[in-house]
Amino acid sequence: MERKKVTIDGNEAAAYTAFNINEVIAIYPITPSSPMGEWCDAWSAKKMKNIWDVIPSVSELQSEGGASGSVHGALQGGALTTTFTASQGLLLMIPNMYKIAGELTPTVFHVSARSIAAQALSIFGDHTDVMATRSTGFGLIASASVQEVMDMALIAQAAALESRIPFVHFFDGFRTSHEVMKIEQLAKEDMLAMMDQQLILEHRKRALSPDHPVIRGTAQNPDVFFQGRETVNKYYQACPEIVQKSMDRFAKIVGRQYHLFDYVGAPDAERIVVMMTSGCGAAEETVEYLTQREEKVGLLKVRLYRPFSIDHFIKALPKTTKVISVLDRTKEPGSPGEPLYLDVVNAISEKHLSGELEFFYPKIVGGRYGLSSKEFTPAMVKGVFDNAKKEMPKNHFTIGINDDVTNTSLDFDPGFSIESPETFRGKFYGLGADGTVGANKNSIKIIGEGTDHFAQGYFVYDSKKSGSTTTSHLRFGPKEIKSTYLVNSANFIACHQTVFLEKMDMLFDAIEGATFLLNTKASKEEVWDTLPEKVQQDLIKKKMKFFIVDAYKIASETGMGARINTIMQTCFFAISNIFPREQAISLIKDSIKKTYGAKGDKIVQMNFDAVDKTLANLFEVKVPEKVTSKIQLQPAVSGNAPEFVKEVTAEIIAGRGDLIPVSKMPADGTFPLGTTQWEKRNIALEVPVWDESICIQCNKCVIVCPHATIRAKVYDEKLLGNAPSTFKHMPFKAKGYGEGLAYSIQVAVEDCTGCGLCVDVCPVKNKTNTSLKSINMEEQIPLREKERANWDYFLTLPEYDRKKINSAQVKDSQFLEPLFEFSGACSGCGETPYVKLASQLFGDRMLVANATGCSSIYGGNLPTTPWTANKEGKGPAWSNSLFEDNAEFGLGFRLAIDKHILQAKGLLKKLSSEIGEKLVNELLNADQKDEVGIYEQRQRVEELKKKLTDAKLTNNGDAKDLLSIADYLVKKSVWIMGGDGWAYDIGYGGLDHVLASGKNVNVLVLDTEVYSNTGGQMSKATPRAAVAKFAAGGKPIGKKDLGLMAITYGNVYVAKVAMGANDAQTVRAFIEAEAYDGPSLIIAYSQCIAHGIDMAKGMRNQKAAVDSGYWQLYRFNPNLIKEGKNPFKLESKGLKIPLKDYAYMETRYKMLTKSDPETAKELIKLAQQDVYDRWNTYEQMAAEKPAENKENKQS
Amino acid sequence: MNLQTNYLGLELKNPIVPSAGPLSSEISNFKKFEDAGAAAVVMYSLFEEQIEHEALELDYHTTVTADSNAEASSYFPTDVEFKLGPEEYLEHIRKAKEAVDIPIIGSLNGKSLGGWTDYAKKIEQAGADALELNIYRLATNPELTGYDVEKEYLDIVKQVKSSINIPIAVKLSPYFSSLSWMAKLFEEAGADGLVLFNRFYQPDIDLENLEVVPNVILSTPMDMRLPLRWIGILFGKVNMDLAATSGIDNEKDVIKMIMAGAKVTQMLSSLLRNGIEHITDVLTKMIYWMEVNEYESLDQMRGSISHKNIADPSLFERANYMKALNSYK
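Residue numbers (the numbering used here), protein chains in the order written: chain V, 1 to 1195; chain L, 1196 to 1524.
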């Protein structure tokens, strides 16, 4: 049968099969598995049917724990059911996995294997998650490539039904889940032939049903539980043969033969590598290469890892085996070896002892590789084989890193490359926003589907959300591609952004005769002089061809804006000669029609125009014979940076993190603060410029800045003597601050993302030209040098005395130093202004528990952190535990602090005579309600510390004790931060409990109304009528009223804020929440790129949300009850505009009117009714008399 | 009483036609129009520019953030089919046709020549009985001559006329140096009718925020004077049907327009103010007026007080202004 060839990634391949052979799908988003669920949801929404003509139902749950519970239930209900997950998500499923397996329930969980957070979180791939499920009773079946993912998903399901053993079908997160490959798509007939109807009927028959009732899930006692556990043995014994039978049947139907263990290499191999998943690709390539050179090496690929069939394993090994190197993509600290290694040792040992081993007991060594998607290359494979050659091969080794602490690492030659000369290998450097990755995905499809060639694409992103850099690695050619590693010897390199030339060694990976394509403003004649010395050297030395195009000019002329994808793609096809030029253009245009056809003729035509214009503007540049440039690569950080930043952080920034040795890495995941300040990303094309002549000093520009790059300072005007000549200032106008003060607004132009929020909120217009405000955007490059000097000078100006600042006022609050700066959050992020505000108000005594999500990524993803300390070294202490436990984690901070305070107070009393009664009493009774009180307490604590270190007390154990906890006598502020996915969904149970604890914690919910970090999936905060992933047809249910739920406790301070609508209310809410001696909850409207809005005007969306009555501003302060007042204050000013006037400012709402206009109309009506209903409730609450009065009345 | 009139070849039971506007965006209103007595309905306008803008906007917001982050290759559901062309509008015509028996007149505001003809064909295919071309270009470029603008208008009419078979009316702005000349040229270009006049949103200045704001003001009875004059002038000078729009509020306004020479009178502001049922009221009072004043049909009165049919045509011309001045003295 001729099967369709498709060019897709591993996630889509898994989803394709899973969707086709299941009826119920329950999921929860987690990287890198989210796209599997998203594909299924999209197909279900489009009413696509599975192989039995049924549309599978797809449900998003509140957590992976919830998803696995629903899977368990659906399986008990007799439905063919699946789920997709990874990492922590899989861990949350473990309890149910024991149940599902214990009840012999066939299912397959598709897992894009990912690291488990340990010393740090990592979204990337290894087997730590899968290995944690070994004891659940699930079978574990591994796929090593995109094709295998599609195939094995089917084989696993068929085997599960027959064996009744549930399976985890896993493949490497990112390397396989996100690798785009040309594969053969299984046909419906293939899947039907594999799925035995009788077995499905038996599965259904076992379902719980009142028509043939049974009970399952009993509790058993010591007398029988053990025996009950042993009942399953025969199923596990039979399982490997059943899986092999499935594989054989698959081979008959489809033609691809798999075995439980597949051997490749020399038939008489002596050195064998045993491993599983994607690394097998690199290893197989290397084995082929080495065997061609007469080396006796081989690779044993493990397909079925659990149940582990020793018989099959031993049979698969060549009889000539002398050394086995077992490679594990996981780490089990403290174990005698990693799991696969131990299994191999055990297998050999058992067979040896039973006399069934038909060859001498081989040497067996194990090692770790590829943790968290660390590159695994042929060079490393060769390193492993070289180790095996040694008399005493190193055991428990690592490969791919430099472990200079415990010396586990094997040596390898990074220059060893076995790339096939027939294979095209391209590297493309772009920005996230320029469409480079999209264009390359498209190119692979064009090549994959337009030729007989094999094609592969893999994409690497940095961890920034604004100005992120992308690198696309493309291979295609007539030979099957097994290279499961990045392109490191390229014959085509494209630089889509000129700015990269000075930041990275662009042509390092280019081979001799390679082609370089550069997007540049420079002309053919000028371009050579714009290139750094190293680029010129490489172009000459490597005899490269050099092409240029001004893609932004073409994009601008054709209405494409900043999207240069089509233009660069056209250049690539025009230069690379993969197709004759005419054919290439026609294929690109066909692809444009396919991609953009649904978006209207205008967009198609725009892209066509771009293609046509590109060809006329693509030029080859003759490479001169001599290097003339003096331009050098820029250092990653300035020379003034601290040692750690220079040695570690800078290396990561420069893309050399792989070379950092173990000794340089902190052992427990502890890093210094304040490192974003050294990064100087220079990503803004335009930056704000202050016009002091019309400024009214409102500081609104400062408060909304998501990246703390625009700041205000008040200082003694005498200090201006040393100011650079271009430093701007004006007399400070506010009352109460005294005379002789100057005021400046200064922009950190090298850290600014150019979002423009500051300009939009500036309330002042130039009287003679209203297009100008007091803040205006101007091109960054001409300003860079002078503003760098101005910024450096600005930093030397002293911070205004916190004690003198009335921080309850917006303007004043913005003179407080932000201790959260230059994060990698999206340009115009709606979350970070709140985070920054908290850091200004309380940062010097703040602990932050941060739920996993956007805020933990822009807050703590290496290389740098925006959290920073003040000049006294005080600043927020920050940590991320998990996604689901953040409230509890933060509560733990509080419990520890409270305990320390109690202990300190006890010790103070105990040591009263030694310390002095006066100081003790002052310390015990300090009023720390404001900055003055806190300052004074700090002074007292310093005095206390001095006394405690006094010679007389050096041997006093209590004094030492007190000294270690004395700082806790200064009020600490515990903040629990996270997004709505955490607060409304996965962490809600914990949040609810923590709010009910009565403890003094402050919860800040950064409500973007979707799971922003994983790509905009629906949460219970998503409003009715908005579109989100898993609500492609518009969310039919209204947003959960988290605030109202918390208010019902009566003793929780609750505020709902939107800075863009009322910044004064926001500041008041933060101050009151923190001052409240009990739990407080702030729900903050946070605009997000997932809303599809003009982020430069995000504060307008906030205002519109409030004006429509959709987002009600209020504060509920339980302290007011004691004063006989109504604790609830509604601060919105009524329903000023219809909901749709707000909602249709945003693509998330508007797109439904374009995909399903009738539903959109219906839902927006219901959503409007929601607004009325909630408004009425709140109005009534605001009008209510205090409870005490009611009581009096009743009595 | 015979209120029948023939407009663009359509036999209409009376001259009241709701004009292009927001009321026709609700399908449920079509039945209300018919029940109230409307003889036909002009749909709200299909704006090519808006369709393009919405498509670009949607594409931008759903793709600008895609493929830029390892954790999220997109931020919106993918594989969603959008109706970004005129489908929604065309579907609206189909539904309107199903809902009522009275003629439905499409209304189109194109941007490109290709857009005008393409959308016109689609509107015809969707079942519209006639098409009103809502042409207006604000010529801000000092290099653009009046002739250029006029030529563009005429090209549109010619192209559209040659690409569809249903009758077309041109909804005009009053801002031509020689409206009578233009009317003649429109007729030559193939227009079956003229709608006098299009009203445009005019900007206002918000003094508090120092910005220009669009200002939508419903028409008032004073607004009917301009179309009244020009219908009066053009009646008999062109063979096209003339439709009056702007400021028509009550039965007397309708009668005046017919007397000046209109085939139909289009109403919007008065319906927005008074509700769709206002049509019934106007018709009832119109019949009453005609009975009292012993008119038998609209044909009888049409053009009776036009430039052509009054004793002193100068009353429609500049002298009219002079007379008005004189009347003060």
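We put the beta carbon where it would ideally sit given N, CA and C, even for glycine.
Where residue i sits in the DSSP three-state scheme
{"i": "Arg788 (chain V)", "result": "helix"}
{"i": "Asp1401 (chain L)", "result": "strand"}
{"i": "Asn491 (chain V)", "result": "strand"}
{"i": "Lys464 (chain V)", "result": "coil"}
{"i": "Arg249 (chain V)", "result": "helix"}
{"i": "Gln1194 (chain V)", "result": "The pLDDT assigned to Gln1194 (chain V) is 43, lower than 50, so where the model puts this residue is not dependable, and the model offers no usable value."}
{"i": "Gln456 (chain V)", "result": "strand"}
{"i": "Leu304 (chain V)", "result": "strand"}
{"i": "Gly933 (chain V)", "result": "helix"}
{"i": "Met276 (chain V)", "result": "coil"}
{"i": "Tyr16 (chain V)", "result": "helix"}
{"i": "Glu943 (chain V)", "result": "helix"}
{"i": "Thr451 (chain V)", "result": "coil"}
{"i": "Ala1031 (chain V)", "result": "strand"}
{"i": "Lys971 (chain V)", "result": "coil"}
{"i": "Ile694 (chain V)", "result": "coil"}
{"i": "Asn1393 (chain L)", "result": "coil"}
Residue i: contacting residues in chain L (beta-carbon distance under 9 Å)
{"i": "Ile1089 (chain V)", "result": "His1256, Val1259, Thr1260 and Tyr1270"}
{"i": "Ile123 (chain V)", "result": "Ala1265 and Glu1266"}
{"i": "Val1027 (chain V)", "result": "Phe1271, Pro1272 and Val1275"}
{"i": "Met1099 (chain V)", "result": "What Met1099 (chain V) touches in chain L: nothing, since even the nearest Cβ is about 15 Å away."}
Residues bridged to residue i (per DSSP)
{"i": "Ala574 (chain V)", "result": "Per DSSP, none; premise fails for Ala574 (chain V)."}
{"i": "Gln1461 (chain L)", "result": "L:Val1212 and L:Thr1440"}
{"i": "Glu917 (chain V)", "result": "Beta-bridge pairing links Glu917 (chain V) to no other residue."}
{"i": "Met181 (chain V)", "result": "V:Ile8 and V:Gln456"}
9 Å Cβ cut-off: residues of chain V touching residue i
{"i": "Val1487 (chain L)", "result": "Result: empty, since nearest Cβ-Cβ is about 45 Å, beyond 9 Å."}
{"i": "Leu1391 (chain L)", "result": "Chain V residues near Leu1391 (chain L): none, gap ~32 Å exceeds 9 Å."}
Beta-carbon neighbours of residue i, restricted to chain L and to distances below 7 Å
{"i": "Asn769 (chain V)", "result": "Correct list: empty, because the minimum Cβ distance to chain L is about 10 Å."}
Under 7 Å by beta carbon: chain V residues contacting residue i
{"i": "Leu1251 (chain L)", "result": "Lys602 and Ile603"}
Proximal residues of chain L, C-beta to C-beta of residue i below 8 Å
{"i": "Met1151 (chain V)", "result": "Leu1253, Thr1257, Phe1271, Val1275 and Phe1277"}
Chain-ordered chain V contacts of residue i [CB-CB under 8 Å]
{"i": "Leu1308 (chain L)", "result": "Here the premise fails: no neighbours, minimum Cβ distance about 14 Å."}
{"i": "Ile1426 (chain L)", "result": "Simply none; closest approach about 37 Å."}
Item checked: Length-filtered (3 minimum) beta strand (DSSP E) runs lying within the stretch 834 to 887 of chain V -> 846 to 850 and 877 to 879
Check: Considering only residues of the stretch 316 to 388 of chain V, which uninterrupted beta strand (DSSP E) runs meet the minimum length of 3 residues and lie entirely inside it, listed in chain order?
Finding: You should have 323 to 328 and 363 to 369.
Next item on the list: Specify whether the stretch 1134 to 1144 of chain V and the stretch 1090 to 1098 of chain V touch according to this definition: at least 3 beta carbon pairs, one from each stretch, less than 8 Å apart.
Entry: no
Margin query: In chain order, what are the residue ranges of uninterrupted beta strand (DSSP E) at least 3 long that sit wholly in the stretch 1285 to 1313 of chain L?
Written below: Entirely contained in the stretch 1285 to 1313 of chain L, the beta strand (DSSP E) runs reaching 3 residues are, in chain order, 1299 to 1304.
Check: Do the stretch 1406 to 1418 of chain L and the stretch 1357 to 1367 of chain L meet, that is, are 3 or more Cβ pairs less than 8 Å apart?
Finding: no
Item checked: At least 3 beta-carbon pairs within less than 8 Å: the stretch 876 to 884 of chain V vs the stretch 910 to 930 of chain V -> no
Next item on the list: Taking only runs that begin and end inside the stretch 593 to 650 of chain V, name each unbroken alpha helix (DSSP H) of 4 or more residues, in chain order.
Entry: 601 to 616
Next item on the list: Tell me, please, whether the stretch 885 to 902 of chain V touches the stretch 844 to 863 of chain V by the rule of three or more beta-carbon pairs shorter than 8 Å.
Entry: yes
Margin query: When you compare the stretch 1335 to 1342 of chain L with the stretch 1381 to 1400 of chain L, are there three or more beta-carbon pairs, one atom per stretch, that lie closer than 8 Å?
Written below: No: fewer than three Cβ pairs fall under 8 Å.
Next item on the list: Please determine if the stretch 543 to 560 of chain V and the stretch 513 to 521 of chain V are in contact, where contact requires at least 3 C-beta pairs separated by less than 8 Å.
Entry: yes
Checklist line | 4 or more residues per run - each alpha helix (DSSP H) lying fully within the stretch 746 to 783 of chain V | finding: 757 to 761
Next item on the list: Run through the stretch 184 to 219 of chain V for me and flag every whole alpha helix (DSSP H) of 4 or more residues, listed as ranges in chain order.
Entry: 188 to 194 and 197 to 205
Notebook entry, point to check: Using 8 Å as the Cβ pair cut-off and three pairs as the minimum, do the stretch 797 to 804 of chain V and the stretch 1051 to 1066 of chain V touch?
Noted result: Because the criterion of three Cβ pairs below 8 Å is not met, the stretch 797 to 804 of chain V and the stretch 1051 to 1066 of chain V do not touch.
Margin query: Using 8 Å as the cut-off, can you tell me whether the stretch 799 to 817 of chain V makes contact with the stretch 836 to 843 of chain V, which would need three or more C-beta pairs spanning the two stretches below that distance?
Written below: yes
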